[in-house]
Amino acid sequence: MSEFPKKPDRPELYRFKLQLTVGRGGTGTVYRALDPETGETVALKLFRANFFRNKLHLRDLQKSAKKFKKLSHPNLVKIHELISGDEGEVLVQEFVDGPDLQWYLSKRPWNLHELLVIIVQICNGLGYLHDQGLMHHDLKPGNVLFTRKGQAKLCDFSLGGTGLLTELFDAGRAEQITPMYVAPEVIQKKRATKLSDMYSLGAMMYLMFTRRLPFEVDSLPKLYHCHLHDKPLHPTIAHDKCPHYLGDVIMRLLEKDPKKRFQDCDLLRISLSDIGRQRI
Ligand SMILES: Nc1ncnc2c1ncn2[C@@H]1O[C@H](COP(=O)(O)OP(=O)(O)O)[C@@H](O)[C@H]1O
Ligand SMILES: [Mg+2]
Numbered sequence: 001m002s003e004f005p006k007k008p009d010r011p012e013l014y015r016f017k018l019q020l021t022v023g024r025g026g027t028g029t030v031y032r033a034l035d036p037e038t039g040e041t042v043a044l045k046l047f048r049a050n051f052f053r054n055k056l057h058l059r060d061l062q063k064s065a066k067k068f069k070k071l072s073h074p075n076l077v078k079i080h081e082l083i084s085g086d087e088g089e090v091l092v093q094e095f096v097d098g099p100d101l102q103w104y105l106s107k108r109p110w111n112l113h114e115l116l117v118i119i120v121q122i123c124n125g126l127g128y129l130h131d132q133g134l135m136h137h138d139l140k141p142g143n144v145l146f147t148r149k150g151q152a153k154l155c156d157f158s159l160g161g162t163g164l165l166t167e168l169f170d171a172g173r174a175e176q177i178t179p180m181y182v183a184p185e186v187i188q189k190k191r192a193t194k195l196s197d198m199y200s201l202g203a204m205m206y207l208m209f210t211r212r213l214p215f216e217v218d219s220l221p222k223l224y225h226c227h228l229h230d231k232p233l234h235p236t237i238a239h240d241k242c243p244h245y246l247g248d249v250i251m252r253l254l255e256k257d258p259k260k261r262f263q264d265c266d267l268l269r270i271s272l273s274d275i276g277r278q279r280i
């Protein structure tokens, strides 16, 4: 059993009244809180003190937060503001009241229709982000949240940095990306593009439709070696219920060469709707 949610370790953070500690992850602690100014329930992400690699990274995120505030899509967690001050850096976001995709995959039986509905929503949210010139950079089941009505929402996008300066002068960002889902070109510290997100999406789809990761090895160097050089087992062999055509779609997302992957979420969604027509 998870130790969360639990009573918060303090009553307040900035102007917010803390209600619950929802969880603690690689980036920091997430609270459910009340905003007394609006009466709204929000999620506060209090970043770990060492989350910011340097001043450049922090400044980049402060700048991006202005862009994030303007984003509005049903499949993206709404970002309200980033507060910096003596209580730390806090990202104020929409509170999503259901479980995340990691929970869903561990609890729900394999169901093609349900999984396709989820992946199409993820595609829509990610496609919108890409259309705005942003990338996610850390797609993984823990960053897909559900509302109680089952609507999927991506969170934690672009927290590693979005600016060109960060890319040019800060090599540390690659280390902040979850290694199971990271694209080969990111491991090689080449420029991450939206096609790197497409690879991570492929790795996440592999897990969703086969219940296994593309590469199950026991060390980070081996994992990086696999992302760079190995072909995963075809999803249809990894899970006998995964339709062959869908397995091919996933394999195309996991191509080492970004040019061979689906070039955007719209093309991927069109291919997914073909699966729907064939199977449902
Ligand atoms: N906006 C949100 N609304 C509700 N719960 C959230 C929100 N953002 C994150 N959480 C939950 O908080 C917990 C910790 O998340 P997080 O710090 O993002 O972990 P990680 O760094 O591993 O991605 C997770 O259980 C996640 O589902
Ligand atoms: Mg997260």
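Just so you know, we're using my numbering here: the sequence shown kicks off at 1 and counts up by one.
All residues carry an ideal CB built from backbone N, CA and C; glycine is no exception.
Three-state class that DSSP yields for residue i in the structure shown
i, result
"residue 96", "coil"
"residue 267", "helix"
"residue 15", "coil"
"residue 190", "coil"
"residue 249", "helix"
"residue 172", "helix"
"residue 6", "strand"
"residue 272", "helix"
Residue i, enclosing alpha helix (DSSP H) - first and last residue
i, result
"residue 210", "194-210"
"residue 236", "235-238"
"residue 222", "220-229"
"residue 102", "101-107"
"residue 152", "Element bounds for residue 152: not the alpha helix (DSSP H) but the beta strand (DSSP E), 152-154."
Bridge-paired residues (DSSP) for residue i
i, result
"residue 82", "91"
"residue 37", "The partner list for residue 37 (beta bridge, DSSP) is empty, contrary to what the question assumes."
"residue 47", "28"
"residue 23", "30"
Check: residue i C-beta below 8 Å from any heavy atom of ligand 1
i, result
"residue 162", "no"
"residue 94", "yes"
"residue 52", "no"
"residue 142", "yes"
Cβ shell of residue i (< 6 Å), same chain only, five flanking positions each side left out
i, result
"residue 202", "250, 253, 254"
Range covered by the beta strand (DSSP E) that runs through residue i
i, result
"residue 283", "Past the edges of the chain, shown from 1 to 280, lies residue 283, and the structure says nothing about it."
"residue 115", "Unbroken run through residue 115 is the alpha helix (DSSP H), 112-131; no beta strand (DSSP E)."
"residue 146", "144-146"
Sequence-distant residues of its chain with Cβ nearer than 7 Å to residue i (five each side left out)
i, result
"residue 279", "For residue 279, the predicted model reports a pLDDT of 49, less than 50, meaning its position is unreliable and no value from the coordinates is stated."
"residue 29", "21, 46"
Spatial neighbours of residue i in its chain, beta-carbon cut-off 8 Å, leaving aside the 5 residues before and after
i, result
"residue 72", "78"
"residue 268", "123, 198, 201, 249, 253, 262"
"residue 108", "114"
Any non-hydrogen atom of ligand 2 within 8 Å of residue i CB
i, result
"residue 27", "yes"
"residue 156", "yes"
"residue 75", "no"
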